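In this note's numbering, the protein residues as written are 1207 to 1708. For each residue, glycine too, the CB sits at the ideal point set by N, CA and C. Because the structure is a prediction, the values reported are computed rather than measured. Heads up: the structure comes next, in structure tokens.
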């Protein structure tokens, strides 16, 4: 009995010491965490990436005042080259205005600091912010985890859930690695954890038991209930893993605000057709069994290598099997500028292996993608690239999303709002192409395209959807009268052509 009592006592002491260690770690970490608030918003998102003492009590002394904020999230501070930067998610700040004072961060004692976006990457959903004034001594910094995360390892998510509960901590374990998510951004390189995150936690750190950043809290999983409602899966949360995050952050800080990416100059597509799928229901069913090389961008590395292989399917990239267009994207994202890429191609005549050396994706290459895409859209003609991307229309129709479908009517120069126009044969004026992306019933993901290079970037983000929506505005009109036009990349609304330009 005495021996059992000793074991029990030691267990209690061990548990108490562990709890104290975790508490100590968190007290050191909290002062490096900030709340990010956006006060002035723009009409569409930016295509980011193509551009002291630990007195924890003061974190909870008073409610954080976010009055007037249009949105908020979380972030944390790191030091690079002796300077403090804030890391957050791109989706927290990508719709912020460029005006000074549009973005503020709040430190552990409630002090607000004006910051600006120095760069980011919409694809990986990471943004880097810079202090416009010297940060106070109450703001400390965190370091990225250098060791490989392990399944079952304890982690802690820190942030400001719902924008109302700053410095909230939830604990859990790493339950899976290298997760791939659906959607247009934030797709690859995620840790799956049971440390619960929710709106407002986005951009906060996921730290290990030593206070090192294991990942950046990004999103939570949803499931569709039998009623059709979206239900939060609180035990399935995702954070962009540290090694990838640090590489992206280093690129952004040292490469004029953008991640260095390879460029080849190919167009890859995979088609699905609208078909009867049973029980009186229709849906898009994939008809291309593998991704297909459907085009080559002029004057690109691929122009001299792939010219005879348009129409070939892609089975492998660098000897890794690819079954769909998203897996093609995932493998190409692993390639650095100047890297050699081997494609295994297939058609009815057999299999070919083709090798190409990539260059770097810069503004010139993004413009080339933009011009190539506009050339494929016969209803839109490029008029001017500068100072505003301006187009004219051959098919003058706007579309409005209603009742799970887009309804269309001809654009009428004299109309004040969608839905009031009548057919007309008038000559149509030019339009600013303000933004491109997806306008759906449940969400809007639009990216600013006021310059041709940003249009090319937006197409790279949303082309996989197979459909793209445009915000169009006549030069003399008010922004309230912006009109939406939908375009199916296949040219046929019964065929979804998922498209990747890389």
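Spatially closest choice to residue i from the options, by CA coordinates
i: residue 1652; options: 1326, 1576, 1510 and 1676; result: 1676
i: residue 1667; options: 1706, 1567, 1471 and 1659; result: 1706
i: residue 1560; options: 1518, 1591, 1539 and 1235; result: 1518
i: residue 1335; options: 1456, 1350 and 1233; result: 1456
i: residue 1454; options: 1699, 1635, 1708 and 1295; result: 1295
i: residue 1531; options: 1502, 1355 and 1497; result: 1497
i: residue 1708; options: 1442, 1470 and 1322; result: 1470
i: residue 1539; options: 1520, 1564 and 1521; result: 1564
i: residue 1402; options: 1379, 1394 and 1384; result: 1379
i: residue 1697; options: 1581, 1645, 1297 and 1509; result: 1581
i: residue 1232; options: 1310, 1244 and 1364; result: 1364
i: residue 1694; options: 1579, 1408, 1688 and 1703; result: 1703
i: residue 1325; options: 1253, 1683 and 1655; result: 1253
i: residue 1499; options: 1489, 1491, 1473 and 1509; result: 1473
i: residue 1594; options: 1382, 1449, 1654 and 1529; result: 1654
i: residue 1645; options: 1673, 1660 and 1657; result: 1673
i: residue 1566; options: 1579, 1541 and 1576; result: 1541
i: residue 1340; options: 1670, 1289, 1351 and 1381; result: 1289
i: residue 1546; options: 1450, 1562, 1536 and 1671; result: 1562
i: residue 1314; options: 1291, 1320 and 1236; result: 1236
i: residue 1589; options: 1277, 1657, 1303 and 1528; result: 1657
i: residue 1716; options: 1586, 1660 and 1383; result: Past the edges of the chain, shown from 1207 to 1708, lies residue 1716, and the structure says nothing about it.
i: residue 1426; options: 1414, 1404 and 1435; result: 1404
i: residue 1592; options: 1584, 1573, 1281 and 1370; result: 1573
i: residue 1366; options: 1484, 1241 and 1248; result: 1241
i: residue 1281; options: 1227, 1245 and 1238; result: 1238
Three-state secondary structure assigned by DSSP to residue i
i: residue 1411; result: strand
i: residue 1297; result: helix
i: residue 1660; result: helix
i: residue 1474; result: strand
i: residue 1448; result: helix
i: residue 1505; result: coil
i: residue 1692; result: strand
i: residue 1619; result: Here residue 1619 scores only 37 on pLDDT, less than 50, and its place in the model should not be relied on; the value that follows carries that caveat. Of the three classes helix, strand and coil, the one that applies to residue 1619 here is coil, per DSSP.
i: residue 1671; result: helix
i: residue 1640; result: strand
i: residue 1600; result: coil
i: residue 1458; result: helix
i: residue 1369; result: helix
i: residue 1487; result: strand
i: residue 1402; result: coil
i: residue 1347; result: coil
Continuous beta strand (DSSP E) stretch holding residue i: start and end
i: residue 1521; result: 1519 to 1523
i: residue 1278; result: 1277 to 1286
i: residue 1379; result: 1374 to 1385
i: residue 1531; result: Element bounds for residue 1531: not the beta strand (DSSP E) but the alpha helix (DSSP H), 1531 to 1538.
i: residue 1706; result: 1701 to 1707
i: residue 1549; result: 1546 to 1553
i: residue 1323; result: 1318 to 1327
i: residue 1587; result: 1586 to 1590
i: residue 1397; result: 1396 to 1399
i: residue 1332; result: 1332 to 1337
i: residue 1556; result: 1556 to 1563
Residue environment, residue i, which counts as buried when at least 16 other CB atoms sit within 10 Å
i: residue 1507; result: buried
i: residue 1300; result: buried
i: residue 1447; result: buried
i: residue 1648; result: exposed
i: residue 1475; result: buried
i: residue 1329; result: buried
i: residue 1356; result: exposed
i: residue 1416; result: exposed
i: residue 1548; result: exposed
i: residue 1529; result: exposed
i: residue 1510; result: exposed
i: residue 1382; result: exposed
i: residue 1343; result: exposed
Start and end residues, alpha helix (DSSP H) containing residue i
i: residue 1571; result: 1569 to 1582
Flag this pair as touching only if the segment 1461 to 1480 and the segment 1350 to 1362 have three or more C-beta atom pairs under 8 Å; answer yes or no.
No, they do not touch.
Three CB pairs or more closer than 8 Å across the segment 1674 to 1693 and the segment 1637 to 1649:
The segment 1674 to 1693 makes contact with the segment 1637 to 1649; the number of CB pairs closer than 8 Å reaches 3 or more.
Examine the Cβ distances between the segment 1394 to 1408 and the segment 1440 to 1450 and report whether three or more of them are shorter than 8 Å.
They touch, by the three-pair rule.
Does the contact criterion of 3 or more C-beta pairs under 8 Å hold for the segment 1405 to 1424 versus the segment 1552 to 1559?
Too few Cβ pairs lie closer than 8 Å, so no.
Should the segment 1303 to 1321 be regarded as contacting the segment 1416 to 1426, the criterion being three or more beta carbon pairs within less than 8 Å?
Fewer than three Cβ pairs drawn from the segment 1303 to 1321 and the segment 1416 to 1426 lie within less than 8 Å of each other, which leaves the two stretches out of contact.
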